[in-house]
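Our numbering applies: residue 514 is where the sequence shown begins, and numbers increase by one. By construction, the Cβ of each residue, glycine as well, lies at the ideal position given by its N, Cα and C atoms. Here the structure is a predicted model, which is why all the values come from computation and not from measurement. In what follows, a structure is listed as structure tokens, so that the remarks can point back to it.
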Amino acid sequence: MDTRPVVVGVDGGPDSLRALQWAAEYATAVDAPLVALTAYQLPNIYGPYAMAGWEGSSELESSAREMLAHAVRSALGDDASVKSAVLQGHAAKSLIAASRDARLVVVGSRGRGGFRGMVLGSVSQHVVPHAHCPVVVLPHSSGETE
């Protein structure tokens, strides 16, 4: 029995919510655990304050956790059986690392910062060629407002 999870990248945007719904349906169909993953990055700080470090990392992590919980509730409801993973780092690198132990990685084709006309967003462009398992990229729905 394959116990590896289905991992889905979530940034709170419409494409990632659709990816979360699709991943949940797939995980149920193959009786796999579902992991909803989001990542946050600390800002680059240069100049005299760089040595002091940045004190806002706990706020960024808290915001990421809140966004992920809201996304899971919005896409799947309160009863969803989903493990949440909030990681510090670049989203694509975090998903690629998670793909080592996953049976499947699912992402939306465009993230929240997607540029009009792009076929794939930067995260999906990086995950697809570097993942250690199969990747599903859900296409952008043209019916959604941007």
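Limits of the unbroken beta strand (DSSP E) element including residue i
| i | result |
| --- | --- |
| Gln601 | 596-601 |
| Ala552 | 547-553 |
| Val543 | Val543 -> no beta strand (DSSP E), and no H or E assigned at all. |
| Val519 | 519-522 |
| Gly621 | 617-621 |
Residues of its chain near residue i, where Cβ-Cβ distance is below 6 angstroms and the 5 sequence neighbours each way are ignored
| i | result |
| --- | --- |
| Tyr595 | Looking at the sequence provided, one finds Val at residue 595 rather than Tyr. Same-chain partners within the cutoff: Leu547, Ala549, Val585. |
| Val649 | Val619 |
| Ser529 | Val523, Gly621 |
| Pro556 | none |
| Ala532 | Val521, Val619, Val620, Gly621, Leu651 |
| Asp544 | none |
Neighbourhood of residue i by C-beta, 7 angstroms cutoff - its chain only, sequence neighbours within 5 removed
| i | result |
| --- | --- |
| Leu581 | Val523, Ala549, Thr551, Ser597, Val599 |
| Val640 | Ala605, Leu608, Ile609, Val618, Val620, Val648 |
| Asp614 | Arg517 |
| Cys646 | Ser612, Ala615, Arg616, Leu617, Val618 |
| His643 | Ile609 |
Where the alpha helix (DSSP H) containing residue i begins and where it ends
| i | result |
| --- | --- |
| Val636 | 635-643 |
| Val585 | 570-589 |
Close Cβ partners of residue i (< 8 angstroms) along its chain, the five nearest in sequence each way excluded
| i | result |
| --- | --- |
| Ser654 | Pro527, Asp528, Arg531 |
When the options are compared against residue i, the one with the closest alpha-carbon
| i | options | result |
| --- | --- | --- |
| Tyr539 | Pro642, Leu589, Val636 | Leu589 |
| Ser587 | Arg578, Gln534, His603 | Gln534 |
Buried or exposed (CB count within 10 angstroms, at least 16 for buried), residue i
| i | result |
| --- | --- |
| Ser576 | exposed |
| Ala593 | exposed |
| Ala537 | buried |
| Ala542 | exposed |
| Glu572 | exposed |
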